[in-house]
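Asker: Numbering (full-length UniProt numbering), first residue to last: 1 to 361.
Glycine included, every Cβ here is placed at the ideal spot set by N, Cα and C.
Got a structure here, written out as structure tokens. Questions coming.
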Ligand SMILES: NC(=O)c1ccc[n+]([C@@H]2O[C@H](COP(=O)([O-])OP(=O)(O)OC[C@H]3O[C@@H](n4cnc5c(N)ncnc54)[C@H](O)[C@@H]3O)[C@@H](O)[C@H]2O)c1
Ligand SMILES: Nc1ncnc2c1ncn2[C@@H]1O[C@H](COP(=O)(O)OP(=O)(O)OP(=O)(O)O)[C@@H](O)[C@H]1O
């Protein structure tokens, strides 16, 4: 894709991230391409919605993030809502969602500009709610410790029609990883009625419930005991967190099934977070439905992705010491048989491995 405009999201507390961003600015200047920073945290101005950030930057068509997964998610939020592609530069601890290291930035931008890349699309979640989400006064100050300024609650999506009131108010927000409904007060469980495709699954008294995408199946959902779901699958993954005396299993729902969460009468207040960012606090009687968004996130890939090797590598999956070491791939040298032609196959012998991760953090 010929890059017309670059947007950068930078973890300003990481010198390597700042240096990588300087390389991107220099590359853009050398190519005569506008380049500006997005979602810059400033004390004199609250953070802006994805639409506002994108508009203020002239709607970049490539968003490059310099940080770990959290910073990538900050950039993906802006890219997803505006049809831009996202490229993550790993200057973090895990960097599961990132693609390259800071020393590969110029080569990566050349590759994208010269169409020597691929784009992997990932499903997103969006929301409808019984009422617009709000944040109580003072939450930002409470949250500010170490996590940066809070995002504003999502706006009502343009074009919502009052006659659809029973279907909830559409919110202008997407999640790459997950929508998490979590108890706010430490001493009050979240009492939640969970509906899938409009049918009550169960009422929970839990710390939280997670509605994740396959991309987010390796994030909080994974930590809560949920399954790893291939990111090449479209599905909605529901996982409760520490449910008390209740069905504690994950349900992997179909991509056309919505998961709705209603706050029950005796529940404590419930925090709603998208990709780890608090976006609203619910009271008993409120409800929120999470479902597949019409937009998809466009991830820049500079080599064929090997998701399961990335999982092994970034999660440090250990092989059994009792087992023999196994070869990293299995792919016969002979031509692919016709009945296997539709399969996603490992690299052909001699194909380059996934781009290096550089230094491991
Ligand atoms: N107990 C937990 O593990 C926990 C708790 C809250 C939120 N989270 C996750 O953190 C995400 C936000 O990421 P963050 O980095 O801003 O928060 P963070 O700094 O709390 O990171 C949580 C961890 O999750 C990793 N991570 C994030 N997205 C991932 C993904 N798709 N696959 C694999 N690992 C992933 C991050 O690298 C980090 O190690 C949220 O979407 C949520 O899924 C995890
Ligand atoms: N400019 C900044 N100043 C201070 N803190 C920041 C800044 N940018 C990001 N952070 C904080 O650092 C946190 C972690 O950032 P990020 O997720 O990018 O790195 P990481 O957690 O080390 O990597 P990973 O998520 O891959 O494990 C963010 O969630 C954010 O709260």
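What are the residues that DSSP puts in a beta bridge with residue 204?
Answerer: Per DSSP, the beta bridge partners of residue 204 are 192.
Asker: So, residue 290 versus residue 241, is the Cβ gap smaller than 7 Å?
Answerer: no
Asker: For residue 215, which residues from the same chain have a beta carbon less than 7 Å from its beta carbon, with the 5 sequence-adjacent residues on both sides left out?
Answerer: 122, 176, 177 and 231
Asker: Is the beta carbon of residue 124 sitting closer than 7 Å to the one on residue 80?
Answerer: Yes.
Asker: Return yes when the C-beta of residue 176 is under 6 Å from any heavy atom of ligand 2, and no when it is not.
Answerer: No - ligand 2 has no heavy atom lying nearer than 6 Å to the Cβ of residue 176.
Asker: Cα separation between residue 13 and residue 62?
Answerer: 23 Å
Asker: Evaluate residue 356 with the Cβ neighbour count: other Cβ atoms within 10 Å of its Cβ, from every protein chain shown; 16 or more gives buried, anything less gives exposed.
Answerer: Because residue 356 sits at a pLDDT of 40, beneath the cut-off of 50, its placement in the model cannot be relied upon, and the point is left open.
Asker: Around the C-beta of residue 255, are 16 or more other C-beta atoms found within 10 angstroms, so that it is buried, or is it exposed?
Answerer: exposed
Asker: Could you give the DSSP three-state label for residue 238: helix, strand or coil?
Answerer: strand
Asker: For the candidate residues 88, 57, 53 and 77, whose alpha-carbon lies nearest to that of residue 67?
Answerer: Distances from the CA of residue 67 to each of 88, 57, 53 and 77 were compared; the closest alpha carbon is that of 88.
Asker: Would you check whether ligand 1 has a heavy atom nearer than 6 Å to the C-beta of residue 219?
Answerer: Because some heavy atom of ligand 1 lies under 6 Å away, the Cβ of residue 219 counts as near it: yes.
Asker: Between the beta-carbon of residue 133 and the beta-carbon of residue 153, is there less than 7 Å?
Answerer: Yes. Within cutoff.
Asker: Among the residues of its own chain, which have a CB less than 7 Å from the CB of residue 360, if the five just before and after it don't count?
Answerer: Low confidence applies here, because residue 360 scores a pLDDT of 33, under 50, leaving its location unreliable and the question unanswered by this model.
Asker: Let me make sure I understand the geometry here. Which of 173, 148 and 43 has the alpha-carbon closest to that of residue 364?
Answerer: Nothing in the structure corresponds to residue 364, since the chain is present only between 1 and 361.
Asker: Alpha carbon to alpha carbon, how far is residue 60 from residue 73?
Answerer: 16 Å
Asker: Hey, residue 112 and residue 23 are a contact pair by Cβ (cut 8 Å); roughly how many whole angstroms apart?
Answerer: Going by Cβ atoms, the distance from residue 112 to residue 23 rounds to 14 Å, so no, they are not a contact pair.
Asker: What three-state label does DSSP hand residue 94 in the structure shown?
Answerer: coil
Asker: Among 41, 171 and 195, which residue has its Cα nearest to the Cα of residue 160?
Answerer: That would be 171, whose Cα lies nearest to the Cα of residue 160.
Asker: What is the C-beta distance between residue 210 and residue 195, in whole angstroms, given that I count them as a contact (C-beta under 8 Å)?
Answerer: No, residue 210 and residue 195 are not in contact; Cβ-Cβ is about 15 Å, not under 8 Å.
Asker: Pick from 15, 31 and 36: whose alpha carbon is nearest that of residue 7?
Answerer: The shortest Cα separation from residue 7 among 15, 31 and 36 belongs to 36.
Asker: According to the Cβ coordinates, are residue 71 and residue 11 closer than 7 Å?
Answerer: yes
Asker: In the DSSP assignment, find the unbroken beta strand (DSSP E) run with residue 73 in it and report its ends.
Answerer: From DSSP, residue 73 is part of no beta strand (DSSP E) but of the alpha helix (DSSP H) over 69-80.
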